[in-house]
Structures are given as structure tokens and as C-alpha cells.
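Residue numbers (the numbering used here), protein chains in the order written: chain A, -6 to 390; chain B, 6 to 346.
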């Protein structure tokens, strides 16, 4: 058939033959689809602009410089009602990142523990892990969030009857209050000591690794690193004359004042997202470990490697190849699910954006910002995980 | 909710075809579809709330009914769209609703940048605070350090920030999107203070587990003129919605009620004759695009302003809100209707 295209001047070809050429036909289909798509986008855009004009709705992104005028419950950066709408969006964005990152870390830890637990030979651990996965995997995330939120609010006491925890921490239905460290002059030495300790630890573990490769001798890496990272800053702390003091929460008229507070909105969203996503991660981990041929661990056992080390050195590194790609989707899901925060009043990007949308009426602009931010967040997570995946991929020799 | 806004946005884009093709006025659209699409609150006792069988009632709902009565002579020709504080404006902008009667404050920003028109104020309100009696707070100025529950996307949220800043008080905002969520959080003790329009506080207090344990503080920190809103660019529709309110107030002024409206038609007072459209060769309704007896239809459907007020939020209701500023101008309030002439 492809000959048709190369010899268009053939004498005895029927008139419509050019349309029967799959190459040309394919090209025409693609061109028509592309044209329709462009026309559709043009029509939607032009129509929107036209309608906005007719409805006398102001448009553009200039509103971001306006004074916000509303307060936000939890903010990682300095923010007051005098700040701009743009800054309010940044506050919401950072809150989204905070809950996403915290959730990803916790859900990964819980997910790995439960996933390995499901493969345990211990009947109780295996069954408990199974119940955990089946319960959380089969409940919509919004319900899990409500469960934690109403649970937190219902169980925890009023501020005046706060539960006192060790180290001057208090918990009540306004959240978890804990002492906030106040850094006086001299605390930079502690930071310096910490940096030195971390660099030292890295160098030492490299050296220990090299030595093990050469001589087979193993050095006490864990204890040395712990000693360095904890001991050195502690030493600096006393040497600099104890420059860190603590702002301790105390009972005020309505609530505890002073210290730092993590609100119940963050706590319940964080717990809900972690527990919910962990159930999926657990299944991914189980699948990954199952995916490693049994011969691998048998071979390790035959070489006399202990079961714990077998898991750590033989099974998990191979399982990671199977685990990482689906794990990425779970991380993306968690980040996107964090927008459910709006149901319990956690000031994430969607929540602050929604307030701005309502105060300014700039619906299209705000929704565009949401889309762009979530898209960027998801693509960055994806890129990072792809890089990690490439690094973990089995190197064929 | 984001879904709803998206729908509204797509609506905003797509509605264009509908509107362009028909290129008609809101009145003719409403007449053509045979009912009024009215944006109301999702549930605020006394203003707009559905009963067990889904029938809506309340102060704002009566305005929807009054507009429907003026157009169709039938107050039941209304479909209600419950809207949260946040998605009410996209709903009106996109044309999802014909009129927004949802205790919405008239502000310059909403009147201009959002593309709406406000005129009559059907309820003069102000923002207040509700607290638990057990806190022993007597004034809003003692609220420094409190956690305050507030609905997002409201003027309330902005007034709150301004008031606490102006008086140099600290507070911790706890914001929710839906009224029910704010109620639940306040009832569960998540916050010390509940702030919204005072009318709303009276209404919400009734829904709490123990209404008598809560008190409303005396301070009113803002002006909240509430009224129906319509889209800009359709003056006829704007006039109809405005004059429905003025007809209600005018009827109270004349002493015309749902009970005596037929009798009043025989009145010899030319003002009343003109108002009820019984004057010879009158164009009092047709100029609006309605029938000449439009005011009669409204009064028959819902009564006059005083009746609407008393039945839903005033002395005849569980809320028992005083008329206050909302009394007629002749009785110490500021409700006033322009002359029908």
C-alpha cells in the first residue's frame, strides 16, 4: 500500500486511492484532531473572555498584590491580615507542602512496617497487618479525615483541663502545645558542631565501608555516628554556656499561651493521610518483596547470612525496583488528597485560595493557580522519584 | 466544593452559547423555563432551611417566593439552589441562579469587581459574637487570646481581622467552609467564640446542644446590609427584584396584609389604588414587565414585609429577633420604600 504514496502518478490507480493510503490517512486524522483541539481551546478561551467582559468581572492577576484582610490559623511564615493575597497563597502552599512531606515520611514508615508485617511468620502480626490494610484501604479518605478530626475533638479535653505530657507538653482539643526553643547568641556553635558531626559521620562510614571491603572487618558504625551527632552538639551546648532556653506553654485565659501549637486540623489531616496512604504502600511493599525470587533468600541463607541481614541486604534492594514506581503514584495521591483539608478547615492551598476566590471573585485566576501548583508539585515529585528509581535500578554486569 | 466552582466556571464558559443564542433578558428566560432559580443558604434557621420533606422556608425563601409570585402569580414556581458562602458568587456569575437571596452583605467590591447589583436592603444586620456563659466574658474586648470560629469567604472573616487588629487583640481563627461545620466545631469546643451576623447567631444558638449555655455579646462590630443580588447588565431584572422588596415594605406602610388585600383593592385612597394596580389605565406593572396586579400577587403569596419578618425571624418565630433597625421608617427603623407613582 505504501507504494501508492510514492507513485502518485500511476496510470491505473482509481481516483480515491490517495485516501486509502494509511500513512496519508493517518496524517489527515491527526491534523484534523489537532485542528479541532486548537479550535476548541480557542473557542473556550474566547468565550470565557467574552463572558467575563459581559458580566463586568475584572480579570488578571493584579489582585495578588492587594491586602488580604483575613487571618490564617496556621502559618509557617510571618503572615497577618495586612499581608497580600499572594502571600496568603504562599502560606497555603507551604501548609500543603508541610502536610504532604510529613504525610509521605510517616506513611512510608508505616507502610513498610505493615507491608513486611503481612509477610511475617508470626500469625498475630500478619493478621493485624492484614486487618489494618483492609480497613484503611477500603474507606474513602474524606471519611478517614473526619474520623480523626471528630475523634481528636471528641476525645481530647477542653483547654482548661489540658492533659500534661512530659517535657512541658500539653494536649487539648486546640492541639498539641510544646515548648518552643529560643536561640540566644552562642547557639550558632551548636549548629556548627552538628554540621561537623554529620560530615564526620559520613566520612567515617565511608572509611568503615572501604575497610570492610578490603579486610572483611566490620567497625561499630552506628555507635560512632550516634556518638558524633548527639555528643558533639551537646558538648558545644555546654561549652557555649547553655544558650538555648525554652518558651514554655502556660495556661492563659482561654487557651494555653506561649510555646508552639500544632492544631487539631493539621494533626488529624496528617494522621488520616498517613494511615490511609500507608495501607496502599503496605500492599506495594508486600508485592515488591514477593516479587523477589525465593532463590535469592535461600542462597543468602545458604551462605550463612542471618534473616535480618538477608532482608536488608538481599531482598529489599531488589524489591525496591518493583516498589518505587507504584510508590510514586501513592506519593502523588497523598499530595493531591491533602486538598481534602478544606473539609476540616486546615489552611492549605485550596482553602486559602478559596477564601481569596470569594473575597475577590477571581475564580478563573485562582483555579488556574491551583491547577498549576498541583501540577508542578506532582511533576516534581515524579521527577525526583524517577531519579531515585534510576539510581536504585539493578545494575547489570 | 472545588468541583462546584469548576462546574460554575465551565458554566461561565459554556453559558455563553446559551446566552448568545437566546440573547434574552433574565425575565424572559425565567418565564420561558417556567420557574425561578433562587440561590439560598444551605440551612440557616429562619432565613432559609428545608424541612423534613424538602420544602424550603425562611425570610430569604419568602423573597424567592415573592419574586416568583410577581412573575407567575404562583409562589411555588421556585427551584432552590443551596449555596455555601464560598460558591454563592460563582453560582450567580455563571447564571446557575437567577437571583441570590442568601443573607449576602452589600459591599462595594461585590457591587463592582464581582459584577453584581445590589439595591434594596431587606435586613439591616451587624456582626456579633457568641460565647459560652461559663467563660464569664462580658464584652468582645475581653476576647484576646481566644480561638474564634468563622465561616470562610464572608465579610465576617474580614471584619473579624479588622476588629481584633484595631483593638490590638490576639486571636486564633478557625475557619470552615460550611455553616454546619462551623456549628459542629463550636459545639464541640474547638473554639471559644463564634462570630457571624447577629441574626445568624440567634438562629444558630437554637441549633446548639444547650442553647441556654451560650450568650451573644453586646458589641456589634460592623454594618451588614443584607439583600438580594443580581448580575449586572439586566436593568429590568434588577428593577423587578428591587421593587419586590419595596412592594413588601410599601404594603406594610399602607397596612395591607395577606388577609385584607382583596378588601384594600376597594380602598378609595388613590395611593393604595395605584399600588395595587386597580387604578384605571395604569401601567404600574407593565412598565416592569409584569402584570399590573403584581403587588397584589406578592402580598397574597407571602404577606407584607412585617408579616414575612414576624413569621420567619421575628416575634412569631422561635428566633424572636426584634425589629430594631428593620422597623418601618415611621416606627423608628430605617426600612423605607420609594413611592409607587
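By construction, the Cβ of each residue, glycine as well, lies at the ideal position given by its N, Cα and C atoms.
Under 7 Å from the C-beta of residue 393/A: neighbouring residues of chain B: Residue 393/A cannot be examined here, being either before or after the span of chain A that is shown, -6 to 390.
Minimum Cβ-Cβ distance from residue 166/A to chain B less than 8 Å: yes
Completely contained alpha helix (DSSP H) runs for the region 307 to 348 of chain A, where each covers 4 or more residues: 309 to 330
Where residue 354/B falls: helix, strand or coil (DSSP): Missing from the structure shown is residue 354/B; chain B here goes from 6 to 346 and no further.
Span separating the alpha-carbon of residue -3/A from that of residue 28/A: Because the pLDDT at residue -3/A is just 48, under 50, the model does not fix this residue reliably, and the point stays unresolved.
Opposing strand residues paired with residue 219/B [DSSP bridges]: 137/B
Distance, residue 102/B Cα to residue 96/B Cα: 6 Å
Nearest candidate by alpha-carbon position, reference residue 40/B, set 89/B, 92/B, 104/B, 62/B: 104/B
Residue 189/B versus residue 278/A - alpha carbon distance: 39 Å
Within 8 Å, strictly: CB atoms of residue 139/B and residue 218/B: yes
Residue nearest to residue 129/B in terms of C-alpha spacing, selected from 339/B, 147/B, 239/B: 339/B
Closest by C-alpha distance to residue 177/A, when choosing among 233/A, 164/A, 110/A: 233/A
Where the beta strand (DSSP E) containing residue 95/B begins and where it ends: Residue 95/B -> not in any beta strand (DSSP E); alpha helix (DSSP H) instead, spanning 93 to 98.
Residue 230/A, DSSP secondary structure in three states: helix
Nearest neighbour of residue 392/A, chosen from 91/A, 200/A, 164/A [CA to CA]: The shown model of chain A, from -6 to 390, leaves out residue 392/A, and the question about it has no answer.
Limits of the unbroken alpha helix (DSSP H) element including residue 100/A: 78 to 111
Extent of the continuous alpha helix (DSSP H) run through residue 69/B: 64 to 77
Best match in 201/B, 134/B, 181/B, 173/B for proximity to residue 425/B [C-alpha to C-alpha]: The requested residue 425/B does not occur in the structure, where chain B is confined to residues 6 to 346.
Interface positions of the region 181 to 210 of chain B facing chain A (Cβ-Cβ less than 9 Å), listed along the chain: 181, 182, 183, 186, 187, 189, 190, 193, 194, 195, 196, 197, 198
Separation of residue 157/A from residue 396/A, as counted between CA atoms: Residue 396/A is absent from the structure shown; chain A starts at -6 and stops at 390.
DSSP three-state assignment for residue 328/B, whether helix, strand or coil: coil
Residue 378/A versus residue 98/A - alpha carbon distance: 14 Å
Residues bridged to residue 151/B [DSSP beta-bridge criterion]: 176/B
Any chain A beta carbon closer than 8 Å to residue 163/B: yes
Length of the line joining the Cα atoms of residue 376/A and residue 342/A: 22 Å
Rounded C-alpha distance that separates residue 122/A from residue 61/A: 47 Å
The region 267 to 285 of chain B contacting the region 323 to 342 of chain B, beta-carbon criterion three pairs below 8 Å: no
Residue burial classification, residue 16/A (beta-carbon count within 10 angstroms, cutoff 16): exposed
Where the alpha helix (DSSP H) through residue 275/B begins and ends: 275 to 280
Closer than 8 Å to chain A by CB, residue 233/B: no
Partners in chain B for residue 47/A, counting only beta-carbon separations shorter than 7 Å: 238
Cβ contact check for the region 281 to 289 of chain A and the region 228 to 248 of chain B: 3 or more pairs under 8 Å: no
Between the CA atoms of residue 35/A and residue 3/A - distance to the nearest angstrom: Unreliable placement is indicated for residue 3/A, whose pLDDT of 48 sits below 50; the coordinate value is still reported in the next sentence. Those two C-alpha atoms are separated by around 41 Å.
Identity of the residues DSSP links to residue 43/B by a beta bridge: 85/B, 104/B
Uninterrupted beta strand (DSSP E) stretches inside the region 185 to 259 of chain A (no shorter than 3 residues): 237 to 240, 253 to 255
Top-ranked residue by Cα proximity to residue 215/B, from 222/B, 233/B, 192/B, 230/B: 192/B
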